[in-house]
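Report on the following structure.
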Amino acid sequence: MLKAIWRDPGVWIAPGVSLVFIVAGFFMHSGFLKILKNGSSEPSVSSAGQAQPLPANPPLESHE
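117 is the number that my numbering gives the last residue of the sequence shown; the numbers go up by one with no jumps.
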């Protein structure tokens with residue numbers, strides 16, 4: 054009876070899905086570590102070919 058359980062294709066779905074998530078998590082983890090160790094590259098370039106400046110902060114208003 055125990056051997057009949059392993060012949061059912063539905064039994065292999067849970068370990069298969071779990072294995073896919075473990076492998077995906079491993080690659081995501083290594084990718085995140087690579088990004089965190091190396092830092093980001095230069096700022097992204099716009100379609101005009103020039104880097105976009107950072108937006109200026111609006112002046113703070115004093116409520117006197």
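Even for Gly, the Cβ is constructed at its ideal location relative to N, Cα and C.
Only a predicted model underlies this, so the values are computations on that prediction, with no experimental measurement involved.
Pro-68: member of the alpha helix (DSSP H) spanning 66-91, first to last residue. One Cα belongs to Met-81, the other to Gly-63, and the distance between them is close to 28 angstroms.
Look at Pro-62 here: in three-state DSSP terms it is helix.
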